[in-house]
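In our numbering, the protein residues as written are 1 to 100. Note that beta-carbon positions come from the ideal geometry of N, C-alpha and C, so glycine has one too. Comments concern the structure below.
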């Protein structure tokens, strides 16, 4: 069985980066979440963001991913990675939109 390798992907698009420090989130994910790999992206759901995740799955042998971005109901086709376990953190609607 392959070794578990978890990566976190943090989107700063759609107003997320204007309301929270994605750099701080990345530090916390790496230190406290013990992520093997942490990446920030300006628009994770666009072609370059999705390709970056695919590249890490292939080249970095990532087996589990956490995507911190918009709602889990949005961009389901873009964030379709059938070979890995995935969890999505709803930081747009659940964090920045819930605060005045």
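- Around residue 14, the same chain offers 70, 92 as residues with beta carbons nearer than 7 Å, after the five sequence neighbours per side are excluded.
- Residue 37 has its alpha-carbon roughly 11 Å from the corresponding atom of residue 31.
- For the pair residue 6 and residue 66, the CB atoms are nearer than the 8 Å cut-off.
- Per the coordinates, the alpha-carbon of residue 83 lies some 11 Å from the alpha-carbon of residue 61.
- Classified as exposed, residue 55 has fewer than 16 neighbouring CB atoms from the shown chains inside 10 Å of its CB.
- Here the C-alpha atom of residue 25 lies approximately 21 Å from the C-alpha atom of residue 48.
- Secondary structure remark: continuous alpha helix (DSSP H) runs of at least 4 residues inside the segment 4-50, in chain order: 16-19, 22-31.
- In the structure shown, the three-state DSSP call for residue 73 is coil.
- According to the DSSP assignment, residue 89 belongs to the beta strand (DSSP E) that extends over 85-90.
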